[in-house]
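> Whatever position you read off the sequence shown (first residue = 1), add 929 for this note's numbering. The C-beta atom is built at its ideal place from N, Cα and C for all residues, glycine as well.
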Amino acid sequence: MAHDVGMERSPGDAASPDPPATPGKRRSLGQLLRNPLLVHNLLYLIGIGGSGAGVLVAQSYGAHHLTTVGNGESTSVVAVLNLLYTTTFVVAAGAAREVALAQARGVPPEALWQGLRRGAWRIGLGLGAVMIPVDVALAFLLHLPDPSVLGLTVIAGPIAALGGSQRGYLQGSRDFRRLAVNFLLYGGTMVVLSVVLLRLGLGPAAVPLASVAGALGSAIYPRHRQAEQVAPPSRHLIDTAVVAGAATAPIFNNLDVVSARHVLTPYGAGLYSGLSVMGKILFFGTSSLSAVMYPRVAAAPTPAARRRLLLQTGAVLLSVDLVVVLGYALLARPLLGVVLGHAYESDAPLLVLFSVGVVGLTVVNLLVYFGMGSRDRLFAVVPAVGVPALLGWLFTSPPQVTDFVPRIASALLILAALEAALILPRALRGS
């Protein structure tokens, strides 16, 4: 991947500067591996990939050790928790943008840490309080035999917000090494505790409990040194545009399971939960591209620099999307059988269709992060209108998986086309 010319650098970037371009001279492998964009993408991919693999292993272990109905219950509660973790992405997006802008102006990231943490506490405590009455409605929507497990959502709110301040701080300061460790801590904790709690006989509550414990670990790590001077907290840590953009993918990645649990039969919801876990590997496997691009776009000195970052990242994203979809087209049936069990092999044709829809989600994610970084608020129109419309369409789906999946796939592709129509002409006109 090409390096970002003329952009502000973090201390991490300065430690491994881009090699000077020499006309006619091919860059060596060593030079390529010192490219900060490539290194940061690899680190983020290791972190988010390891975290996602941990979630996949935990849910796969649960799928093999619970009944199909029990797995549907477990996955739906985890989906609710993951909806709360949307707060992590929203707070992280706001924090990363503030830190990247401050660093570009010569303000050390440490000066912002205390203000970010206080803002996260306020958001998290408010979210936890809101979840008390919301749990009553969720108990109805999810048809849970034991809705008391939803009490985890009350403590998950503050944890999610604190985790967002950690990840946003690390992302904005381009400390992708510790950010990778933060992600791995979540996934590793979830795997270990899922196995232990399932062995102890906690049933469908085991994986949700492990998820909250993992989120707590990533909210605590790492500790940061105190700055001599503390910058005042920004009044714009999050705004409506940041909420609309950063929440788009997390909301879809979890509310589809919640809506499936509500409209499908228990057996159908259990089958769809396995399909969903496998299909979303594509999204998590490419999320590093948007995450690494985002702070650079926020700190870019010119529209031309932002446009170059978008085109470079978009080309890589679409290439990876194509490879993964082709892989699923060839290997969907054996992959589902190995990862989730033979009961899920019948979902193989739907996995390919679902993954095509997820390609649309990866494009939406890239464009909304570009919009947030460049402060082009027009991007928020599609998430603000399209995502609620998508959710309403899912909750009114016929109770068959074969009807449910095509609705998702087609809607996500439409959202991607609309977002591209809004963002790309404005971005490409930049000079």
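How is the alpha helix (DSSP H) around Tyr1223 delimited, first residue to last?
Indexing the sequence shown from 1 puts residue 1223 at position 294. Start and end: 1210-1228.
> With a Cβ-Cβ cutoff of 8 Å, do Val1186 and Phe1324 count as a contact?
On the sequence shown, position 257 is the one that residue 1186 refers to. On the sequence shown, position 395 is the one that residue 1324 refers to. Not in contact: Val1186 and Phe1324 (Cβ atoms no closer than 8 Å).
> Taking the alpha-carbon of Ser1339 as reference, which of Leu1279, Tyr1298, Arg1355, Arg1306 has the nearest alpha-carbon?
The count along the sequence shown starts at 1 and reaches residue 1339 at position 410. Cα-wise, what sits closest to Ser1339 is Leu1279.
> I'd like to check one pair, Leu1295 with Leu1218: are the Cβ atoms closer than 8 Å?
Counted from its first residue, the sequence shown places residue 1218 at position 289. Counted from its first residue, the sequence shown places residue 1295 at position 366. Closer than 8 Å, so yes.
> Skipping 5 residues on each side, what residues in its chain have a beta carbon closer than 6 Å to that of Leu1145?
Within the sequence shown, residue 1145 is the residue found at index 216, counting from 1. Counting only Cβ-Cβ distances below 6 Å, and skipping sequence neighbours, we find Ile1088.
> Could you pull out every residue in the same chain whose Cβ sits closer than 6 Å to the Cβ of Gly1266, ignoring the five residues on either side in sequence?
Taking the first residue of the sequence shown as 1, we reach residue 1266 at position 337. Correct list, in chain order: Glu1274.
> Does DSSP put Val1136 in a helix, in a strand, or in coil?
Indexing the sequence shown from 1 puts residue 1136 at position 207. Looking at Val1136 - three-state DSSP - the assignment turns out to be helix.
> Which residues mark the beginning and the end of the alpha helix (DSSP H) in which Thr1118 is found?
Looking up residue 1118 in the sequence shown gives position 189. Per DSSP, Thr1118 belongs to the alpha helix (DSSP H) from 1105-1128.
> Are three or more beta carbon pairs between the stretch 1094-1111 and the stretch 966-980 nearer than 8 Å?
In short, these stretches touch, since the Cβ pair count reaches three.
> Taking the C-alpha atoms as reference points, what is the distance between Leu1054 and Gly1086?
Your numbering for residue 1054 matches position 125 in the sequence shown. Your numbering for residue 1086 matches position 157 in the sequence shown. Going from the Cα of Leu1054 to the Cα of Gly1086 covers about 7 Å.
> I'd like to check one pair, Gly1315 with Phe1308: are the Cβ atoms closer than 8 Å?
What you label residue 1308 is simply residue 379 of the sequence shown in a count that begins at 1. What you label residue 1315 is simply residue 386 of the sequence shown in a count that begins at 1. Against a cut-off of 8 Å, the Cβ pair of Gly1315 and Phe1308 comes out as no contact.
> Could you pull out every residue in the same chain whose Cβ sits closer than 8 Å to the Cβ of Leu982, ignoring the five residues on either side in sequence?
Stepping through the sequence shown from its first residue, residue 982 is reached at position 53. In the sequence as displayed, the identity of residue 982 is Ala instead of Leu. Closer than 8 Å at the Cβ level, and outside the excluded window around Ala982, lie Gly1116.
> Considering just the uninterrupted stretch of the alpha helix (DSSP H) at Phe1324, what are its terminal residues?
Here residue 1324 corresponds to residue number 395 of the sequence shown, with the count starting at 1. Run containing Phe1324: 1310-1324, per the alpha helix (DSSP H) assignment.
> Label Ser1210 either buried or exposed according to how many other C-beta atoms from any shown protein chain fall within 10 Å of its C-beta, with 16 as the threshold for buried.
Along the sequence shown, read from residue 1 onward, the residue named residue 1210 stands at position 281. For the sequence presented, residue 1210 should be read as Ile rather than Ser. Ile1210 is buried by the Cβ-count criterion.
> Assign His969 to one of three DSSP states: helix, strand, or coil.
The sequence position of residue 969 within the sequence shown is 40, counting from 1. Helix.
> Would Ala1356 and Ala1228 qualify as a contact pair, given that the criterion is a beta-carbon distance under 8 Å?
Here residue 1356 corresponds to residue number 427 of the sequence shown, with the count starting at 1. Here residue 1228 corresponds to residue number 299 of the sequence shown, with the count starting at 1. No, Cβ-Cβ distance for Ala1356 and Ala1228 is not below 8 Å.
> How should Leu1344 be labelled, buried or exposed, when 16 other C-beta atoms within 10 angstroms of its C-beta is the threshold for buried?
Counting from one through the sequence shown, the residue named residue 1344 turns up at place 415. Leu1344 should be labelled buried.
> To the nearest angstrom, report how far apart Val1330 and Arg1190 are at their CA atoms.
Position 401 of the sequence shown, counted from the start, is the residue given in the question as residue 1330. Position 261 of the sequence shown, counted from the start, is the residue given in the question as residue 1190. If I take the Cα positions, the gap works out to 11 Å.
> Go ahead and label Gln1100 buried or exposed: buried means 16 or more other beta carbons lie within 10 angstroms of its beta carbon, across all protein chains shown.
Walking along the sequence shown from the start, residue 1100 turns up at place 171. By the neighbour-count rule (16 or more Cβ atoms within 10 Å), Gln1100 is buried.
> Which one of Leu1246, Thr996, Leu1351, Leu1255 has the shortest CA to CA distance from Tyr1196?
As a first step, residue 1196 must be located in the sequence shown, where it is residue number 267. Of the candidates Leu1246, Thr996, Leu1351, Leu1255, the one whose C-alpha sits nearest the C-alpha of Tyr1196 is Thr996.
> So, helix, strand or coil for Leu1341, using DSSP?
To locate residue 1341, count along the sequence shown from 1; it is residue 412. Leu1341 falls in the helix class under three-state DSSP.
> How long is the line joining the alpha carbons of Val1120 and Leu1260, rounded to whole angstroms?
Reading the sequence shown from its first residue, position 191 is the one you call residue 1120. Reading the sequence shown from its first residue, position 331 is the one you call residue 1260. Straight-line Cα distance between these residues: approximately 25 Å.
> Pick out whichever of Val1206, Gly1048, Gln1043, Val1009 has its Cα sitting closest to the Cα of Gln1155.
Translated into the one-based positions of the sequence shown, residue 1155 becomes position 226. Nearest option by C-alpha distance: Gln1043.
> Are Ser980 and Leu1129 closer than 8 Å when you measure CB to CB?
Sequence index remark: in the sequence shown, residue 980 carries index 51 (1-based). Sequence index remark: in the sequence shown, residue 1129 carries index 200 (1-based). Taking 8 Å as the Cβ cut-off, Ser980 and Leu1129 do not qualify as a contacting pair.
> Compute the beta-carbon to beta-carbon distance between Ser1123 and Ala1024, rounded to the nearest angstrom, for a pair I have assumed lies under 8 Å.
In the sequence shown, counting from the first residue as 1, residue 1123 sits at position 194. In the sequence shown, counting from the first residue as 1, residue 1024 sits at position 95. The pair is not a contact, with the Cβ atoms about 29 Å apart (cut-off 8 Å).
> Could you give the residue range of the alpha helix (DSSP H) that holds Asn1182?
The residue labelled residue 1182 in the question sits at position 253 within the sequence shown. Per DSSP, Asn1182 belongs to the alpha helix (DSSP H) from 1177-1192.
> Just the C-alpha distance for Ala950 and Asn964, rounded to the nearest angstrom, thanks.
Residue 950 sits at position 21 when you count from the first residue of the sequence shown. Residue 964 sits at position 35 when you count from the first residue of the sequence shown. A caution first: Ala950 carries a pLDDT of 44, below 50, which makes its placement in the model too unreliable to give a value.
> Could you tell me whether the Cβ atoms of Gly976 and Asn1111 are closer together than 8 Å?
The sequence position of residue 976 within the sequence shown is 47, counting from 1. The sequence position of residue 1111 within the sequence shown is 182, counting from 1. Closer than 8 Å, so yes.
> Between the Cα of Ala1176 and the Cα atoms of Pro1354, Gly1057, Ala1022, which residue gives the shortest distance?
Taking the first residue of the sequence shown as position 1, residue 1176 is located at position 247. The shortest C-alpha separation from Ala1176 is found at Ala1022.
> Give the straight-line distance between the Cα atoms of Leu1361 and Ser1005, rounded to the nearest whole angstrom.
Here the chain has residues from 930 to 1360 only, and residue 1361 is not among them.
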